[in-house]
Amino acid sequence: MANVVVEKVTNVCCSKEYFLEENEHKTIIVFNDGSNSCAFNLQAVLKKGSVLNIYNVATTDKTASLNETIALEAEGATCNVLNVLLVGGNAKLESNIMLLHNCKETVSDFANYAIAVDEALMVLNNNAKIVKGASKSIVRQKAKGLTLSKGAKIKAMPNLYIDEYDVIANHAASIGSISKEDLFYLMSRGLDEKEASKLIVLGFVQPLLDRIDDVELRKEISEHFVSKL
Amino acid sequence: MSKLQIIDLHVSVEGKEILKGVNLELNTGEFHVVMGPNGTGKSTLAATIMGHYKYQVTSGQILLDGEDVLSMSVDERSRKGLFLAMQYPSEITGVTNSDFIKTAMHARLAEGETLPLLKFIRSLDKACEELKMREDLPHRYVNEGFSGGEKKRNEILQMKLLKPKFAILDEIDSGLDVDALRIVGENVNDMKSENFGSLIITHYERLLDYIKADYVHILMNGVVVKSGGLELMEKVDKEGYDWLKEELGLDELDDGPNITNNILGTCAVRNAMDKGDK
Ligand SMILES: Nc1ncnc2c1ncn2[C@@H]1O[C@H](COP(=O)(O)OP(=O)(O)OP(=O)(O)O)[C@@H](O)[C@H]1O
Ligand SMILES: [Mg+2]
Numbered sequence: 233m234a235n236v237v238v239e240k241v242t243n244v245c246c247s248k249e250y251f252l253e254e255n256e257h258k259t260i261i262v263f264n265d266g267s268n269s270c271a272f273n274l275q276a277v278l279k280k281g282s283v284l285n286i287y288n289v290a291t292t293d294k295t296a297s298l299n300e301t302i303a304l305e306a307e308g309a310t311c312n313v314l315n316v317l318l319v320g321g322n323a324k325l326e327s328n329i330m331l332l333h334n335c336k337e338t339v340s341d342f343a344n345y346a347i348a349v350d351e352a353l354m355v356l357n358n359n360a361k362i363v364k365g366a367s368k369s370i371v372r373q374k375a376k377g378l379t380l381s382k383g384a385k386i387k388a389m390p391n392l393y394i395d396e397y398d399v400i401a402n403h404a405a406s407i408g409s410i411s412k413e414d415l416f417y418l419m420s421r422g423l424d425e426k427e428a429s430k431l432i433v434l435g436f437v438q439p440l441l442d443r444i445d446d447v448e449l450r451k452e453i454s455e456h457f458v459s460k461l
Numbered sequence: 285m286s287k288l289q290i291i292d293l294h295v296s297v298e299g300k301e302i303l304k305g306v307n308l309e310l311n312t313g314e315f316h317v318v319m320g321p322n323g324t325g326k327s328t329l330a331a332t333i334m335g336h337y338k339y340q341v342t343s344g345q346i347l348l349d350g351e352d353v354l355s356m357s358v359d360e361r362s363r364k365g366l367f368l369a370m371q372y373p374s375e376i377t378g379v380t381n382s383d384f385i386k387t388a389m390h391a392r393l394a395e396g397e398t399l400p401l402l403k404f405i406r407s408l409d410k411a412c413e414e415l416k417m418r419e420d421l422p423h424r425y426v427n428e429g430f431s432g433g434e435k436k437r438n439e440i441l442q443m444k445l446l447k448p449k450f451a452i453l454d455e456i457d458s459g460l461d462v463d464a465l466r467i468v469g470e471n472v473n474d475m476k477s478e479n480f481g482s483l484i485i486t487h488y489e490r491l492l493d494y495i496k497a498d499y500v501h502i503l504m505n506g507v508v509v510k511s512g513g514l515e516l517m518e519k520v521d522k523e524g525y526d527w528l529k530e531e532l533g534l535d536e537l538d539d540g541p542n543i544t545n546n547i548l549g550t551c552a553v554r555n556a557m558d559k560g561d562k
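Protein sequences appear in the order of chains A and B. Just so we're aligned, residue 233 is where the first sequence starts under my numbering, counting upward by one. Just so we're aligned, residue 285 is where the second sequence starts under my numbering, counting upward by one.
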């Protein structure tokens with residue numbers, strides 16, 4: 233069960249393929265620590281009853297992209313994608329994710345937590361496609377974005393292509409700066425503005441950290457986020 | 285002993301005057317109740333004391349032991365000993381309740397002072413027990429998914445650990461079941477000391493079964509119209525506020541002419557500008 237692969241994205245271009253057998257469970261942690269400007273490409277095919285978790289993590293101020301296509305080819309195939317991305321400087325970070333529901337009773341859950349600082353731009357192309365006949369499939373998409381400076385931008389483009397009636401599909405997006413009300417709440421307990429903002433932003437990353445079992449990796453990722461804030 | 289003074293306080297929200305000269309004086313060791321019809325400015329008063337960004341103080345003063353509170357930032361007010369239990373507290377994803385409280389306690393330590401982890405955990409456990417809180421609540425994210433009553437209890441938990449000089453409790457009793465009301469009430473009452481006083485905003489007499497209040501103030505149309513003892517609360521509980529409106533010659537529509545004036549004012553300006561263009 234504990235089948236975890238860590239893909240550290242350090243090369244300029246990197247392409248990976250994954251093929252999940254029936255009932256196989258796998259977790260892939262893709263980590264771009266910002267040491268290079270790079271494009272990461274991933275293709276995955278999921279067989280019956282298999283479960284793939286992909287955690288895409290980036291803390292970068294170099295232009296980069298994530299391009300991933302996941303095909304759910306048989307009943308019960310499930311893919312959970314969690315994007316936790318931070319971009320800074322003048323960089324543009326693009327995430328292009330496509331979830332293909334090619335069979336009935338397939339499930340995808342796609343959550344984005346995006347943070348942009350400085351003058352950076354983040355583009356989230358969140359795509360899911362349910363073909364005709366892929367009935368009783370479930371698609372969930374969520375995008376939460378925090379822009380921490382005036383010049384920072386996050387564009388979330390959710391695209392659901394659905395060619396089948398009998399499915400459940402939903403998406404939610406909220407993007408903006410730190411809520412003034414939340415800030416007031418924390419400050420009213422004595423935290424200064426800087427401390428309060430930091431707590432809120434790190435809280436944004438925490439749901440990801442909660443899912444990483446490897447203590448060393450968790451620490452490394454957490455430190456990368458802290459150093460960029 | 286400490287003193288909190290509110291002197292001729294005028295407060296506006298988005299250009300509309302809500303508080304029109306509030307005067308109140310609290311000492312530690314005293315519990316003051318503020319009541320009043322919906323929309324008369326009770327939450328406005330509470331939030332203004334804490335420094336909420338939405339409210340503009342147009343004139344008046346707030347003093348804590350003679351120090352000017354209005355020139356302090358929100359966090360400074362907290363560290364000086366003010367606390368606001370909110371009507372609708374925020375949910376903070378990814379930050380556990382216990383981490384949050386620990387950070388807040390750290391923030392008020394003097395330089396060189398430390399808070400040993402074990403001591404913190406013990407006091408947190410003790411406070412949770414006294415409030416009969418569910419055991420998982422300290423380890424969950426701040427207020428996220430908490431029920432209405434659990435959020436209220438969580439505000440009191442923070443108050444107990446942060447030990448303010450003055451706690452302003454904005455409808456801490458709303459949404460509490462009868463047992464929770466008793467527990468929260470007793471916990472607040474037990475805090476009363478020469479180092480702790482409270483301003484308690486409520487609509488119901490029930491809370492005062494457990495909290496021994498000393499003074500009752502009635503806020504209407506942005507001013508304190510009457511102050512007294514518990515007999516005032518009993519009268520309101522039985523008869524509502526109409527007798528007071530009559531006694532004071534207050535009219536529900538006393539904002540009316542003002543609003544009309546504003547509209548006239550805007551039109552007049554626009555007319556003038558239009559003319560100027562041509
Ligand atoms: N952002 C705003 N814009 C305009 N008016 C506002 C705004 N916020 C508050 N008000 C108004 O200020 C007045 C006072 O509100 P406040 O919340 O202080 O009342 P309250 O006495 O606490 O009422 P309740 O008993 O219902 O809690 C209300 O008429 C309200 O509509
Ligand atoms: Mg109110």
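Ideal Cβ placement from N, Cα and C applies to all residues, glycine included. It should be emphasised that the depicted structure is a prediction, and the values quoted were computed from it without experimental measurement.
Could you please give me the residues that DSSP links to residue i through a beta bridge?
{"i": "glutamate 309 of chain B", "result": "B/Gln289"}
{"i": "glutamine 345 of chain B", "result": "B/Ile291"}
{"i": "lysine 324 of chain A", "result": "A/Leu353"}
{"i": "leucine 440 of chain A", "result": "Its beta-bridge partners do not exist; DSSP assigns none."}
{"i": "cysteine 246 of chain A", "result": "A/Phe272"}
{"i": "threonine 310 of chain A", "result": "A/Val283, A/Val339"}
{"i": "tyrosine 499 of chain B", "result": "B/His316"}
{"i": "methionine 504 of chain B", "result": "B/Val507"}
Can you tell me whether DSSP reads residue i as helix, strand or coil?
{"i": "threonine 253 of chain B", "result": "What is shown of chain B runs 285 to 562, which leaves residue 253 of chain B out entirely."}
{"i": "tyrosine 235 of chain A", "result": "What sits at residue 235 of chain A in the sequence shown is asparagine, not tyrosine. Asparagine 235 of chain A falls in the coil class under three-state DSSP."}
{"i": "threonine 387 of chain B", "result": "helix"}
{"i": "glycine 435 of chain A", "result": "helix"}
{"i": "histidine 423 of chain B", "result": "helix"}
{"i": "leucine 423 of chain A", "result": "coil"}
{"i": "aspartate 493 of chain B", "result": "helix"}
{"i": "proline 541 of chain B", "result": "Unreliable placement is indicated for proline 541 of chain B, whose pLDDT of 41 sits below 50; the coordinate value is still reported in the next sentence. Proline 541 of chain B: helix per DSSP, three-state reduction."}
{"i": "glutamine 371 of chain B", "result": "coil"}
{"i": "leucine 415 of chain A", "result": "helix"}
{"i": "serine 296 of chain B", "result": "strand"}
{"i": "histidine 464 of chain A", "result": "Examination of residue 464 of chain A is not possible in this model, given that chain A is present from 233 through 461 alone."}
{"i": "aspartate 446 of chain A", "result": "coil"}
{"i": "lysine 240 of chain A", "result": "strand"}
{"i": "leucine 366 of chain B", "result": "strand"}
Under 8 angstroms between C-beta atoms, does residue i make it to chain A?
{"i": "histidine 316 of chain B", "result": "no"}
{"i": "tyrosine 337 of chain B", "result": "yes"}
{"i": "glutamine 442 of chain B", "result": "yes"}
{"i": "methionine 475 of chain B", "result": "no"}
{"i": "proline 373 of chain B", "result": "yes"}
{"i": "isoleucine 302 of chain B", "result": "no"}
{"i": "valine 297 of chain B", "result": "no"}
{"i": "methionine 334 of chain B", "result": "yes"}
{"i": "glycine 378 of chain B", "result": "yes"}
{"i": "arginine 392 of chain B", "result": "yes"}
{"i": "threonine 387 of chain B", "result": "yes"}
{"i": "leucine 401 of chain B", "result": "no"}
{"i": "leucine 573 of chain B", "result": "Residue 573 of chain B is absent from the model: chain B starts at 285 and stops at 562."}
{"i": "leucine 308 of chain B", "result": "no"}
{"i": "leucine 563 of chain B", "result": "Residue 563 of chain B lies beyond the stretch modelled for chain B, which goes from 285 to 562, so this question has no answer here."}
{"i": "leucine 453 of chain B", "result": "no"}
{"i": "leucine 368 of chain B", "result": "yes"}
{"i": "leucine 329 of chain B", "result": "no"}
{"i": "leucine 528 of chain B", "result": "no"}
What I want to know is whether the C-beta of residue i ends up closer than 7 angstroms to one or more non-hydrogen atoms of ligand 3.
{"i": "serine 458 of chain B", "result": "Among the ligands modelled here, namely ligand 1 and ligand 2, ligand 3 does not occur."}
Could you tell me whether any Cβ in chain B is nearer than 8 angstroms to the Cβ of residue i?
{"i": "tyrosine 287 of chain A", "result": "no"}
{"i": "valine 447 of chain A", "result": "no"}
{"i": "serine 420 of chain A", "result": "yes"}
{"i": "lysine 382 of chain A", "result": "no"}
{"i": "phenylalanine 272 of chain A", "result": "no"}
{"i": "phenylalanine 416 of chain A", "result": "yes"}
{"i": "lysine 374 of chain A", "result": "no"}
{"i": "lysine 412 of chain A", "result": "yes"}
{"i": "leucine 461 of chain A", "result": "no"}
**Report entry** Runs of beta strand (DSSP E) wholly within the stretch 248–300 of chain A (minimum 3 residues, chain order)
**Finding:** 257–264, 271–278, 283–292
Report task. Check distances from the C-beta atoms of the stretch 348–365 of chain B to those of chain A and list, in chain order, the residues that come in under 9 angstroms. Result -> Ser357, Val358, Asp359, Glu360, Arg361, Ser362, Arg363
Report task. Can you check the stretch 453–480 of chain B for any alpha helix (DSSP H) of at least 4 residues that lies completely inside it and give the ranges in chain order? Result -> 462–475
Query raised in the report: Which of the residues in the stretch 423–446 of chain A, read from start to end, lie with their CB under 8 angstroms from any CB of chain B?
Result: Leu423, Asp424, Glu425, Glu427, Ala428, Leu431, Ile432, Leu434, Gly435, Phe436, Val437, Gln438, Pro439
Query raised in the report: Residue ranges of each alpha helix (DSSP H) run of no fewer than 4 residues wholly in the stretch 342–406 of chain A, ordered along the chain?
Result: none
Report task. Can you give me, in chain order, the residues of the stretch 495–523 of chain B that have a beta carbon less than 8 angstroms from any beta carbon in chain A? Result -> none
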